[in-house]
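Contents: one structure, followed by commentary.
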Amino acid sequence: MFRRLAILILAALCVVPLSASAETPITGLQPANPPPAADKLAPGLAVNYQYGIINRIGELNEKGKVIGAPLTHLTWNAGAGNVLTSDRADGVQAHIFGFIRFAAAGTYVFEVNSNDGVRLEIGGKRIWEDGDVHPDRLSPPIPVQVPAPGLYPIKILYFEKRNTSTLEVFWAPPGGQRTNIQGDALVHLKR
Ligand SMILES: [Ca+2]
């Protein structure tokens, strides 16, 4: 009996720090420095594609030579159709980059839904990685502390192996509801 109680207490002690850390915002994001001039920016995020089957995000070729149409939003749910703005439905690796615009300082809560693997970085910080082959899988809510409004570098590595593909990133602004990321929140340097 005591032994069972002791195990329960130990288990509880192990669980508490985990759940506490999951709610601790990611900090230390670095804004774009220097911030890019407005006349150098174009709408959406830039994307370079590399074609070829991979199984883990670490295998992704970030130097893909196929330049795709910019991503003007981050709610891509293609089913079995073409992946993002590429002309292929399978074997697509995407290196996505540009800037994300935060209108205010404070805690934004991100959620990332991916199929297959994804890695999201903002302001030089790893926000989320779910790097293997999987069906649609939603991250937990990820609180991120934004120190000041403005543009921050964003980088997304994403790949689709086969069958259906999904890449969705949502945010909830400080005190707000979950919503899509689109419009002038996503920009990239003209290329
Ligand atoms: Ca898939």
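All you need for the working numbering is the position in the sequence shown, starting with 1, plus 1.
For every residue, glycine included, the Cβ atom is placed at its ideal position computed from N, Cα and C.
All values reported here derive from a predicted model rather than from experimental measurement.
Taking Glu130 as the centre and dropping the five residues before and after it, the same chain places the C-beta of Arg120 closer than 6 Å to its C-beta, in chain order. A distance filter of 6 Å between CB atoms and the heavy atoms of ligand 1 selects the following residues in sequence order: Asn116, Asp117, Glu161, Lys162, Arg163, Asn164, Thr165 and Ser166.
Taking C-beta separations shorter than 6 Å and ignoring five residues to either side along the sequence, the partners of Phe171 in its chain run Glu112 and Arg179, following chain order.
Taking a 10 Å sphere around the C-beta of His135, we find fewer than 16 other C-beta atoms and assign the residue as exposed. Exclusion of the five residues before and after Gly65 leaves Asn49, Tyr50, Gln51, Gln94 and His96 as the residues of its chain whose Cβ lies within less than 7 Å of its Cβ. For the stretch 110-180, the continuous beta strand (DSSP E) assignments of 3+ residues that do not extend past its boundaries occur at 119-123, 126-131, 143-147, 151-161 and 166-173, in sequence order. Considering only Lys156, Asp117 and Tyr109, the residue with the shortest C-alpha distance to Pro142 is Tyr109. A distance of 8 Å or more separates the beta carbons of Ala33 and Lys191. Under the three-state reduction of DSSP, Ala104 is assigned to coil, being neither helix nor strand. Only residues of its own chain outside the window of five on either side were considered, and among them Val147 and Pro150 have a CB closer than 6 Å to the CB of Phe103, listed in chain order.
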